[in-house]
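Just so it is clear: in the sequence shown, position 65 is 65 by full-length UniProt numbering, and no numbers are missing. We put the CB at the ideal spot given by N, CA and C, even for glycine. Note that this is a predicted model, so its numbers are computed, not measured.
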Amino acid sequence: MATKLYVGNLSYQTKDQDLNQVFAEVGNVTSAQVVTDRYTGESRGFGFVEMATEDEAQQAIAAINGRNVDGRALVVNESRPREGGGGGGSRGGGGGSRGGGGSYGGGGGYGGGGGGGRY
1 MATKLYVGNL SYQTKDQDLN QVFAEVGNVT SAQVVTDRYT GESRGFGFVE
51 MATEDEAQQA IAAINGRNVD GRALVVNESR PREGGGGGGS RGGGGGSRGG
101 GGSYGGGGGY GGGGGGGRY
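Quick look at the structure:
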């Protein structure tokens, strides 16, 4: 089964085909993609490579992690699935902290005593 690898610290000049070439030295590359900014089209400095087998993926990590490519030491490890709920949850939490601004009433200098009197 194919195994996806995260490749970080890429030079902003590195393209998909460059990434493919580097990893093809150690095994069969199913796909190679440098992640780009959706608005500018420029590289975001990381990408993903999919190796045909788990064994080839492990060989690629051992051989390429730390290797200097285009003047940058690459960081290569197994890709972990994105946790979509985590990002949304933190934004929701941010909204909650704004709601916590209600403590402005409690922290308004009269805070402790006045708040205690209401209860």
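Closest residue to residue i among the options (Cα-Cα distance)
| i | options | result |
| --- | --- | --- |
| Tyr12 | Glu56, Asn77, Val35, Asp55 | Val35 |
| Ala2 | Asn68, Arg80, Glu56, Pro81 | Glu56 |
| Gln21 | Asp37, Asn9, Glu50 | Glu50 |
| Gln17 | Asn68, Phe48, Asp37 | Phe48 |
| Ala62 | Asn77, Glu42, Arg38 | Asn77 |
| Lys4 | Ile64, Thr53, Asn65 | Thr53 |
Whole-angstrom C-beta distance between residue j and residue i, which should lie under 8 Å
| i | j | result |
| --- | --- | --- |
| Phe23 | Ala32 | 6 Å |
| Val75 | Asn9 | 5 Å |
Pairwise C-alpha distance: residue j and residue i
| i | j | result |
| --- | --- | --- |
| Leu19 | Thr40 | 20 Å |
| Ala60 | Val26 | 6 Å |
| Thr14 | Thr30 | 18 Å |
| Arg80 | Arg44 | 18 Å |
| Gly71 | Val7 | 15 Å |
| Gly66 | Ala73 | 5 Å |
| Glu42 | Glu83 | 24 Å |
| Arg38 | Val69 | 24 Å |
| Gln58 | Ile64 | 10 Å |
Residues that residue i bridges to, as DSSP identifies them
| i | result |
| --- | --- |
| Asn28 | Looking at the DSSP assignment, Asn28 forms no beta bridge with any residue, so it has no partner. |
| residue 122 | Because the chain is modelled from 1 through 119, residue 122 falls outside the range shown and cannot be assessed. |
| Arg72 | Val69 |
| Ser43 | Thr36 |
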